[in-house]
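Presented below is the structure to which this report refers.
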Amino acid sequence: MTDVLSRITTWSKAGFILLSSRHFLCAAAASLFFAACVLVLQAGGQNTRSAAKKNQAGDWVVEDGRKTFESVCVTCHGLDGRGGERGPDISTRAEVQQLSDEETLHVLQTGKPAAGMPAFGTLGPPKINAVIAYLRVLQGGRKPGPIPGNAQRGKLLFFGKARCANCHMIGGSGGFIGADLSSYGSNRAAKEIRTAITDPNKDLEPRERTVLVTMRDGRQLTGIARNEDNFSLQLQSLDGTFHLFSKGDLEHFEYLPESLMPSDYGSLLGATELDDLVSYLVHAARAAKKVQASGTKSELEKEED
Ligand code: HEC
Ligand code: HEC
């Protein structure tokens, strides 16, 4: 404690000496300038680092970047970045691919006005970093894996042709044999969602399996077991009706190794349609979160992560 105090007095003495010096202002200005430079450098580094980090995690960043790219950059560089009348190829040309994130950031912030490339500093660092993340996807020739489809078309499929809504509910409409999928798409990678649709029997939990009941008179019924104890079984059949059985009255009942969910969506639906469904599930979850977020801030924060 005394040590700290004595240091403070030493410092204030030093300050007094500095203040009394005619060079104080120059020194202060120089150190302020230096500090500012360090801050700017740090900020630049952090932005690109976090862009890379978020890009790894997935998904929103790349998707946001795609949106910006398709609304802002597309007129000159084309949808795939391979160039148009007013801008060069920025996706397959090695010179552009080799620009580091920092260099690309610099190009985007300051533009090359003389050459016809506008500055986009006004978009702000998050958007610019997202665009760069998306540009890397274009450059890698990878499919923009994260959320490629069209949510609007996905919704039509969900409630229409694909009949998901026969069994699943989203946003309060649909069936109830399957899980409510309103927030299923949050925090899940596109690939995982896609697999859940095309391969429903993968990692199926026993309670999610179909139950097949055979009654004494030979009639059979399939559904999901909603309740089971030693003596009784409550089954919900596909039409949503609940059936209560006393086990002693049944000829037989068994859990089938499969889900009630059709396992042939991978062949019934095209690749684009599957993308559209995935996109819809992700966007629906996002919308659900927004609604919740009006009450709880932490949900919003999670979405931004
Ligand atoms: C008005 C047309 C126009 C728009 C809009 C535009 N660019 Fe460009 N861009 C250009 C032109 C022209 C060049 C070539 C500049 C040159 O030759 O140095 C260029 C070059 C680039 C380069 C390469 C820079 C280099 O040093 O080689 C990148 C990267 C780039 N643009 C990214 C983008 C992104 C990302 C967007 C959207 C945020 C965008 N551009 C929007 C016209 C445009
Ligand atoms: C015949 C009813 C039925 C249809 C039709 C159906 N599902 Fe399912 N689905 C289920 C059941 C049952 C499960 C497994 C139990 C559960 O999670 O509800 C399931 C599971 C899922 C899961 C995993 C849920 C989780 O929490 O793990 C997703 C995602 C899903 N379905 C999406 C879809 C989509 C998209 C469609 C339309 C292309 C569809 N389902 C059509 C019944 C159905």
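Here this note's numbering is used: the first residue of the sequence shown is 42, the next is one more, and so on.
All residues carry an ideal CB built from backbone N, CA and C; glycine is no exception.
Using a threshold of 7 Å, is the CB atom of E136 nearer than that to any non-hydrogen atom of ligand 1? yes
Taking C-alpha atoms, which residue in D290, I238, N242, S224 lies nearest to V254? D290
Counting only runs of 3+ residues fully inside the segment 206 to 287, write out the beta strand (DSSP E) ranges in chain order. 250 to 256, 261 to 269, 273 to 278, 283 to 287
Taking the alpha carbon of H352 as the reference point, which residue from G190, N268, G157 has its own alpha carbon closest? Nothing in the structure corresponds to residue 352, since the chain is present only between 42 and 346.
Rounded C-alpha distance that separates L245 from F110: 39 Å
Check whether S300 and P241 have beta carbons under 8 Å apart: yes
Within the present structure, is the beta-carbon of E249 separated from the nearest heavy atom of ligand 2 by less than 7 Å? yes
With contact counted as at least three CB pairs below 8 Å, one residue from each stretch, are the segment 273 to 289 and the segment 156 to 168 in contact? no
With respect to the alpha helix (DSSP H) encompassing E104, which residues constitute its N-terminal and C-terminal limits? 101 to 109
Within its chain, find whatever has a CB closer than 7 Å to the CB of N207; leave out the 5 residues flanking it on each side and keep chain order. So the list reads G216, once near-sequence residues are dropped.
Using the DSSP secondary-structure output, state which residues sit across from Y296 in a beta bridge. V252
Could you tell me which residues DSSP puts in a beta bridge with M158? K153
Under 8 Å, do F294 and V252 count as touching if we go by C-beta distance? Cβ distance < 8 Å, so F294 and V252 count as in contact.
Under the DSSP definition of a beta bridge, which residues are partnered with L291? M256
For S308, which of helix, strand or coil comes out of DSSP? helix
Here's the rule: buried if 16 or more other CB atoms are within 10 angstroms of the residue's CB, otherwise exposed. What is T145? By the 10 Å Cβ count, T145 comes out buried.
Residue interval of the alpha helix (DSSP H) (run including T116): 115 to 118
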